[in-house]
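Beneath this line is the structure, given in structure tokens, with notes to follow.
In my numbering, the protein residues as written are 415 to 547.
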């Protein structure tokens with residue numbers, strides 16, 4: 415497995431920002447590795463400060479479970495999810511707006527999370543970023 419590179423993450427963040435500009439929204443975009451460590455964080459001018467930790471939390475949840483963060487909300491009360499969330503000091507956020515980043519062979523190499531707009535728009539921006547990989 416080739417890890418996600420900084421150049422790839424920057425390209426994805428730029429594509430996500432272009433989508434946000436097209437939608438006329440101000441967001442934060444976080445791209446994390448599979449462990450949930452930050453590779454790139456991009457907060458657009460005018461995006462709220464709190465959008466940064468929320469975008470990171472969505473991406474961390476997506477990376478931890480290798481699934482879109484919006485699909486985690488229904489299962490979040492299960493003991494396994496609660497235990498990992500506690501282990502991560504509540505950092506994982508199961509709200510729509512983050513997607514796992516997978517190579518062509520299906521290997522998960524990270525996650526992209528977006529916050530600052532309605533959840534559906536956050537996910538649309540994340541999807542545009544992922545498409546740039």
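No residue lacks a Cβ here, since even glycine has one placed at the ideal position from N, Cα and C.
Coil, strand or helix - residue i by DSSP
i, result
"residue 434", "helix"
"residue 546", "coil"
"residue 507", "coil"
"residue 514", "strand"
C-beta atoms of residue i and residue j nearer than 8 Å
i, j, result
"residue 446", "residue 525", "yes"
"residue 458", "residue 436", "no"
"residue 474", "residue 517", "no"
"residue 511", "residue 483", "yes"
"residue 509", "residue 487", "yes"
"residue 547", "residue 426", "yes"
Residue i classed as buried or exposed, judged by whether at least 16 other C-beta atoms fall within 10 angstroms
i, result
"residue 418", "buried"
"residue 485", "exposed"
"residue 497", "exposed"
"residue 463", "exposed"
Own chain, CB closer than 6 Å to residue i, minus 5 neighbours either side, in chain order
i, result
"residue 415", "521"
"residue 430", "443, 539, 542, 543"
Contacting residues, own chain, Cβ-Cβ under 8 Å from residue i (five flanking each side not counted)
i, result
"residue 523", "415, 416, 417, 418, 447, 448, 515, 516, 517"
Between the segment 523-540 and the segment 462-470, do at least 3 Cβ pairs fall closer than 8 Å?
These segments touch.
- Item | Three-pair Cβ contact test at 8 Å for the segment 532-540 versus the segment 444-460 | Flag = no, the segment 532-540 and the segment 444-460 do not touch.
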